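Colleague:
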Amino acid sequence: MACKRGALIVLEGVDKAGKTTQCKKLVQALQQSGRPAEMMRFPDRTTTIGQLISAYLEKKSELEDHTVHLLFSANRWEMVPSMKKKLEQGITLVVDRYAFSGAAFTSAKPGFCLDWCKKPDVGLPKPDLVMFLQLSPSEAALRGQFGEERYETSVFQRAVQHKFELLMKDPSVNWQVIDASQNIEGVHDNIMDHSLNAINTAQNQLLGELWK
Ligand code: Z5A
Numbered sequence: 001m002a003c004k005r006g007a008l009i010v011l012e013g014v015d016k017a018g019k020t021t022q023c024k025k026l027v028q029a030l031q032q033s034g035r036p037a038e039m040m041r042f043p044d045r046t047t048t049i050g051q052l053i054s055a056y057l058e059k060k061s062e063l064e065d066h067t068v069h070l071l072f073s074a075n076r077w078e079m080v081p082s083m084k085k086k087l088e089q090g091i092t093l094v095v096d097r098y099a100f101s102g103a104a105f106t107s108a109k110p111g112f113c114l115d116w117c118k119k120p121d122v123g124l125p126k127p128d129l130v131m132f133l134q135l136s137p138s139e140a141a142l143r144g145q146f147g148e149e150r151y152e153t154s155v156f157q158r159a160v161q162h163k164f165e166l167l168m169k170d171p172s173v174n175w176q177v178i179d180a181s182q183n184i185e186g187v188h189d190n191i192m193d194h195s196l197n198a199i200n201t202a203q204n205q206l207l208g209e210l211w212k
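For the sequence shown, full-length UniProt numbering puts the final residue at 212, and the numbers step up evenly by one.
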């Protein structure tokens, strides 16, 4: 019998919502329960394209806004063959940011609309579950100062949050909003419940195409 496919699970959210912390905990918990799982993150700064993005985020280089948007998307597309292969092998992928960050961050810049920003990512593997870690700006501030990277200002992050809210109105995507203000274990328990449901459902479904 062919092996059942893994689920594509994405964590999104504003800065310091705990995405990386929760992705790591989820992968560890899935593996400990005997379910093959791996973590990925976007941008993936290890590739040639990812290094261009990383230099831009670290303000070591300047890139025209449309150009960097397309690079973020290309950085996802270059991973698609290996993502599909792993999913087919039954490995669940837990992904720290995806196309939703791409659309939300660029469309928060002046002169960009959400529709244009979504276009380059149309047809990517569609996540079986997208969890949005919700955290208010005041709660995020308690987790420390913003870093030095581009986009790490409260004004810009508020604009990004608004764009995420628009994206979450799309019923074609399985969005779940997670209260990220709970303690780390509380958030994890919530994420684990949603993930186990998504893994069970994905086993019997074909992998979809995003925004198609
Ligand atoms: N970007 C884009 O423009 N276009 C795209 O297509 C993509 C991304 C994919 C990449 O940043 C930047 O690129 C990002 C979006 C843009 N810009 N911004 N802003 P990144 O991925 O390298 O880094 P990040 O995503 O910005 O990380 P983050 O948001 O700062 O952190 P996080 O992953 O959400 O949180 P964390 O590292 O897990 O936790 C933050 C701190 O809070 C840490 O000290 C934890 O110990 C603490 N924490 C976590 N959970 C809790 C709870 N529950 N209680 C208390 N404290 C907690």
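We put the CB at the ideal spot given by N, CA and C, even for glycine. Please read these numbers as outputs of a predicted model, since none were measured by experiment.
1) Cα-Cα, which of 7, 179, 75 is closest to residue 84?
2) Helix, strand or coil, according to DSSP, for residue 1 in the structure here?
3) Is there at least one non-hydrogen atom of the ligand Z5A closer than 7 Å to the beta-carbon of residue 151?
4) Would you mind working out which of 161, 70, 145, 153 sits nearest residue 122, comparing C-alpha positions?
5) Confirm, please, whether the CB-CB distance from residue 14 to residue 187 is below 8 Å.
6) Please give the ranges of any beta strand (DSSP E) in the region 1-89, keeping only runs that are unbroken, at least 3 residues long and fully inside the region.
7) Under 6 Å Cβ to Cβ from residue 100, same chain only, skipping five residues before and after it: list those, please.
8) I'd like to check one pair, residue 132 with residue 102: are the Cβ atoms closer than 8 Å?
9) Please report how far the alpha carbon of residue 174 lies from the alpha carbon of residue 190, in whole angstroms.
10) Can you find the residues in the same chain that come closer than 8 Å, C-beta to C-beta, to residue 54, ignoring five residues on each side of it along the sequence?
11) Less than 7 Å between C-beta atoms, sequence neighbours within five positions excluded: which residues of the same chain meet that for residue 194?
12) Starting from residue 211, trace the beta strand (DSSP E) in both directions and tell me its first and last residue.
13) What would DSSP say about residue 182, mapped onto helix, strand or coil?
14) Could you give the DSSP three-state label for residue 171: helix, strand or coil?
15) At the level of alpha carbons, what is the spacing between residue 95 and residue 22?
16) Can you give me the start and stop residues for the alpha helix (DSSP H) that residue 114 sits inside?
17) Quick check: does the Cβ of residue 111 come within less than 7 Å of any heavy atom belonging to the ligand Z5A?
18) Skipping 5 residues on each side, what residues in its chain have a beta carbon closer than 6 Å to that of residue 203?
19) Exposed or buried, residue 49, counting other C-beta atoms within 10 Å across all chains shown (16 or more means buried)?
Modeller: With the structure as the only source:
1) 7
2) Confidence at residue 1 is low in this model, with a pLDDT of 46, below 50, so its placement is unreliable and the value that follows should be read with caution. The answer is coil: DSSP assigns residue 1 none of H, G, I, E or B.
3) yes
4) 70
5) no
6) 8-13, 37-41
7) The answer, listed in chain order, is 12, 167.
8) Contact: no.
9) 15 Å
10) 43, 45
11) 129, 131, 176
12) Note, residue 211: premise wrong, no beta strand (DSSP E); not H, not E.
13) coil
14) Coil.
15) 10 Å
16) 114-118
17) Residue side-chain check: residue 111 keeps its Cβ at 7 Å or more from all non-hydrogen atoms of the ligand Z5A.
18) Answer for residue 203: 4, listed in chain order.
19) So residue 49 ends up on the buried side.
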